[in-house]
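**Student:** So the sequence shown is numbered by the UniProt record's numbering: it starts at 5 and just counts up by one.
Backbone N, C-alpha and C define an ideal beta-carbon position, used for all residues, glycine too.
The model shown is predicted, which means the values in this text are computed figures rather than measured ones.
This is the structure I want to talk about, given as C-alpha cells.
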Amino acid sequence: DQFADNHFIRTIIEDDLQSGKHAAIQTRFPPEPNGYLHIGHAKSICLNFGLAYVFDGKCNLRFDDTNPEKENQEYVDSIKEDVQWLGFQWQGEPRYASDYFDQLFDYAVGLIQDGKAYVCDLTPEEMREYRGTLTEAGKNSPYRDRTPEENLDLFMKMRDGAFPDGSKTLRLKIDMASGNINMRDPVIYRIRRAHHHNTGDKWCIYPMYDYTHAISDAIENITHSLCTLEFEAHRPLYDWVLDNIPSPSQPRQYEFSRLELLYSITSKRKLNQLVSENHVSGWDDPRMPTISGMRRRGYTPEGLRLFAKRVGISKSENIVDMSVLEGAIREELEESAPRMMAVLNPLKITLTNFEAGKTQSRSAPYHPHHESMGEREIPISSTLYIEQDDFSENPPAGWQRLTVGGEVRLRYSYVIKCDEAVKDENGQIIELKCSIDHDTLGKKPEGRKVKGVIHWLSAEHAVPATVRLYDRLFTVERPDAVRGDDGEYLPFTDFINPESKQEITAWVEPVANTLQPESRWQFERLGYFVTDRKDHEVGKPIFNKTVGLKDGFQK
Ligand code: ATP
Ligand code: MG
Ligand code: MG
Numbered sequence: 005d006q007f008a009d010n011h012f013i014r015t016i017i018e019d020d021l022q023s024g025k026h027a028a029i030q031t032r033f034p035p036e037p038n039g040y041l042h043i044g045h046a047k048s049i050c051l052n053f054g055l056a057y058v059f060d061g062k063c064n065l066r067f068d069d070t071n072p073e074k075e076n077q078e079y080v081d082s083i084k085e086d087v088q089w090l091g092f093q094w095q096g097e098p099r100y101a102s103d104y105f106d107q108l109f110d111y112a113v114g115l116i117q118d119g120k121a122y123v124c125d126l127t128p129e130e131m132r133e134y135r136g137t138l139t140e141a142g143k144n145s146p147y148r149d150r151t152p153e154e155n156l157d158l159f160m161k162m163r164d165g166a167f168p169d170g171s172k173t174l175r176l177k178i179d180m181a182s183g184n185i186n187m188r189d190p191v192i193y194r195i196r197r198a199h200h201h202n203t204g205d206k207w208c209i210y211p212m213y214d215y216t217h218a219i220s221d222a223i224e225n226i227t228h229s230l231c232t233l234e235f236e237a238h239r240p241l242y243d244w245v246l247d248n249i250p251s252p253s254q255p256r257q258y259e260f261s262r263l264e265l266l267y268s269i270t271s272k273r274k275l276n277q278l279v280s281e282n283h284v285s286g287w288d289d290p291r292m293p294t295i296s297g298m299r300r301r302g303y304t305p306e307g308l309r310l311f312a313k314r315v316g317i318s319k320s321e322n323i324v325d326m327s328v329l330e331g332a333i334r335e336e337l338e339e340s341a342p343r344m345m346a347v348l349n350p351l352k353i354t355l356t357n358f359e360a361g362k363t364q365s366r367s368a369p370y371h372p373h374h375e376s377m378g379e380r381e382i383p384i385s386s387t388l389y390i391e392q393d394d395f396s397e398n399p400p401a402g403w404q405r406l407t408v409g410g411e412v413r414l415r416y417s418y419v420i421k422c423d424e425a426v427k428d429e430n431g432q433i434i435e436l437k438c439s440i441d442h443d444t445l446g447k448k449p450e451g452r453k454v455k456g457v458i459h460w461l462s463a464e465h466a467v468p469a470t471v472r473l474y475d476r477l478f479t480v481e482r483p484d485a486v487r488g489d490d491g492e493y494l495p496f497t498d499f500i501n502p503e504s505k506q507e508i509t510a511w512v513e514p515v516a517n518t519l520q521p522e523s524r525w526q527f528e529r530l531g532y533f534v535t536d537r538k539d540h541e542v543g544k545p546i547f548n549k550t551v552g553l554k555d556g557f558q559k
C-alpha cells in the first residue's frame, strides 16, 4: 500500500494493537487555523490519516484554535479543502479545541480545588525573571500559596471580566526547580479580550496550547498523538495534565522530525509575511510551498503522497532538497498526464517543398503507454514553428537538433533538412527554409541515420496560450538561517529570487482551447504544465509550468 513504509511510530502502533493495549487506533491532525497549510503539514497529514487508513482506525481533523487574534474562517476553510484535496477524509465533523472551552474550564476549576493550580499576578517581565534559566532554577511566585478558595474566586472573576487583559494568569503548581522549563509552573489561562472565530465574545480568558492540546486529545480518545520534535520537551507537561485531571482517556504523545525544504520556507508565520507584504500573489501563488500553491502549480495529491512516503518518518533531521519533491511529482505525472506539443520560443520554418495552403495530418496518441487516453490528429502545413533552442548555426559537437545542412525528424512526422537560415538586418535568424523528405513519414530515411527528434507545430493550426514559468522563490538554501556580519539573522525576504516568475505567450496544440482549469499535460520535451485553476478559461488557455522533465533548475 502507499503508506507501507515502516517507521518507528508504525511499529509502536503495531505493538499496541497486538498487545491489546488498543483495539483500534485514533489519530488526529491538529492545525492552528492561523494560515494555509504547507508541505510540512502535508507530511503530518499523510502520517496521521495514513496510519488511520492502514490500521483501519480513525483520524480527526481538529482546529487548535486558542489564539483568537491570529485565526479566522478563511484559514479554517482552506485547511479543510487542502486535507480533502490530498485525498483524506476526517472522521465525522471537524473538531475545534474551542468546542472544549467549557470542559477545559471545568478541569481548571478541578485543578484549583485540588491545590494544583493558582492565580498569579506577576507581570510577563516578572514571570520571565522568576522562571530562571536552563542552568538556574526558578523562584516560586509570591502568589503560589493562595488558598484554593481564593484562587477559585479570582479565577471566576477572571472569567467574568473583572480584570484587565494580561493582569493575571492561571498557572499549574508543578516545580519551579524542574530541569525542564516547561514544568516550571506553566501558565494555562490568560486574560485576552479578543473575538474568537468560533466562540465569539463568550470568553475573555483563553486556555494555553499545551493544556488544551492534552485535554482535547483525551476528550477525543486519541490513542497516538503525533507531533513534531520541538514538543518532546512538552511531553512531561502533557502527561502531567492528564495524570492530574479525571482524564477521559490516556493518549500518548510521540514525536517525529519536522520536514524542511531547501530553498523554501515551512512556517505559516513567514509564509503569511510573504503574502501580506505582496512578495507573492497570495497563499496559493504557484511558487508558494503551501498545499494550495503546489496545487495551483500542478502538483498532484498522488505526487505529494509519494513525496511524503519518500521523506519518511524518523527523529533525525529531515531537510530535503527540492529535487526529491519534484522527482515524486514528475514520476507521478509521467503516467497520468497526456502529451501535447507546445513551442515556447518560436522560430518559423518554411517548408519549400510542401504545397502552400495544403494540410496533411497524422494521428498520434495522447500518451505513449496509455491507449485509453485516446489520440488526436497532428496537422502539418508549409509553415511551422520549432523551438529557437532546437536550431544552432554553429552547433557544438554531438548536436542532434537542427543546423544548416543538417536533418532532424519532426516528432510524429517527416524528416526535414535545413537548407538556409534567413536573417534580418541585425543578423538575427528569423526564419529557416527547410525541405521535407517525402519518403520519411512513419519510415526511416534511406541510406542515412537521423537521430534527432524535435517538437514543432503547424503555424496555421497552433493556438496561442499564456504560459507562466517559475523558478525557485529563494536564492539561497536556507533563506531564514542566513546571518549578517553582526551575527544576527538577516530577513528571509532579502533572499527572494526576483526572477522567480516569467510570463510568455507560447504556441500550443488546438486541444488547449478545450481544456477545463486544472488540466495537467506534458508539453513534449519541455515539462509538465497545468491550466491555471483560477485564471484559465475554456478557449483562453493559461498554463503554469509544474516541473521540468529533468532534475535541476535549468531554464
Ligand atoms: P507553523 O510554524 O508553520 O505554523 P505549526 O507546527 O505551528 O507550524 P500547526 O498548525 O500547529 O503548525 O501544525 C499542525 C500539525 O502539523 C502539527 O502536528 C505539526 O506538528 C505538524 N507540522 C507543522 N509543520 C510541520 C513540518 N514542517 N513537518 C512536519 N509536520 C509539521
Ligand atoms: Mg502549532
Ligand atoms: Mg505555528
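1. Taking the C-alpha atoms as reference points, what is the distance between Glu130 and Ala332?
2. Identify which residue in His238, Pro168, Thr203 and Cys438 has its Cα closest to the Cα of Asp189.
3. Would you list the residues sitting across from Gln30 in a DSSP beta bridge?
4. Consider the Cβ of Ala485: report whether some Cβ of chain B lies at a distance smaller than 8 Å.
5. For Tyr210, tell me which candidate among Gln392, Arg175 and Arg537 has the shortest Cα-Cα distance.
6. My understanding is that Asn548 touches Val534, with C-beta atoms under 8 Å, so please give their C-beta distance in whole angstroms.
7. Taking three-plus beta-carbon pairs below 8 Å as touching, is the region 200-208 in contact with the region 101-114?
8. If you drop the 5 nearest sequence neighbours on each side, which residues of the same chain put their C-beta closer than 6 Å to that of Arg529?
9. Consult DSSP for Met344 and reduce its assignment to one of helix, strand or coil.
10. To the nearest angstrom, how far is the alpha carbon of Ser268 from that of Phe478?
11. Below 8 Å on the Cβ atoms is my guess for Val113 versus Leu156; work out the distance and round it to an integer in Å.
12. Please determine whether the Cβ atom of His45 lies at a distance below 7 Å from any heavy atom of ligand 1.
13. Can you tell me which of Glu224, Gly183 and Ala166 puts its alpha carbon nearest to the alpha carbon of Arg197?
14. Trp207 by DSSP, collapsed to three states: which one?
15. Does Val245 come out as helix, strand or coil in the three-state DSSP assignment?
16. Using only alpha-carbon positions, find the residue among Leu388, Ser171, Asp19 and Glu140 that is nearest to Ser439.
17. Quick one: what does DSSP say Ser23 is sitting in, helix, strand or coil?
18. If we count the other Cβ atoms within 10 Å of its Cβ and call it buried at 16 or more, is Gly488 buried or exposed?
19. Rounded to a whole number of angstroms, what is the C-alpha to C-alpha distance between Ile420 and Ile43?
20. Compare the Cα-Cα distances from Thr550 to each of Arg537, Leu90, Val80 and Pro350 and report the closest residue.
21. Return helix, strand or coil for Arg529, following the three-state DSSP convention.
22. Go to His371, then tell me how far its beta strand (DSSP E) extends in each direction, as first and last residue.
23. Can we say the region 498-509 touches the region 382-402, given the rule of at least three CB pairs closer than 8 Å?
24. Which of helix, strand or coil does DSSP assign to His200?
25. Report the rounded CA-to-CA distance for Pro521 versus Lys47, giving the unit in angstroms.
26. Taking Cβ positions, are Ala28 and Asp68 nearer each other than 8 Å?
27. On the CB-based measure, 16 or more other CB atoms within 10 Å of its CB, does Met345 come out buried or exposed?
28. Hey, Leu275 and Met292 are a contact pair by Cβ (cut 8 Å); roughly how many whole angstroms apart?
29. Hey, is the region 418-436 in contact with the region 352-369, meaning 3+ C-beta pairs nearer than 8 Å?
30. Classify Ile83 as buried or exposed, calling it buried when 16 or more other Cβ atoms lie within 10 Å of its own Cβ.
31. What is the residue span of the alpha helix (DSSP H) that Ile219 lies within?
32. Which residues share a DSSP beta bridge with Phe53?
33. Using only the alpha-carbon positions, how far apart do Ala341 and Trp525 sit?
34. Is any non-hydrogen atom of ligand 1 found closer than 7 Å to the C-beta of Ser48, if you look at the structure I gave you?
35. Does the beta-carbon of Thr31, which I'm using as the reference point, lie nearer than 7 Å to any heavy atom of ligand 1?
**Tutor:** Let me lay it out:
1. 51 Å
2. His238
3. Lys62
4. This model lacks chain B altogether; it includes just one protein chain.
5. Arg175
6. 5 Å
7. yes
8. His459
9. strand
10. 7 Å
11. 7 Å
12. yes
13. Ala166
14. coil
15. helix
16. Leu388
17. coil
18. exposed
19. 46 Å
20. Arg537
21. coil
22. Per DSSP, His371 belongs to no beta strand (DSSP E) and is neither H nor E.
23. no
24. strand
25. 26 Å
26. no
27. buried
28. 7 Å
29. yes
30. buried
31. Tyr213 to Ile223
32. For Phe53, which the question treats as bridged, DSSP gives no partner whatsoever.
33. 5 Å
34. yes
35. no
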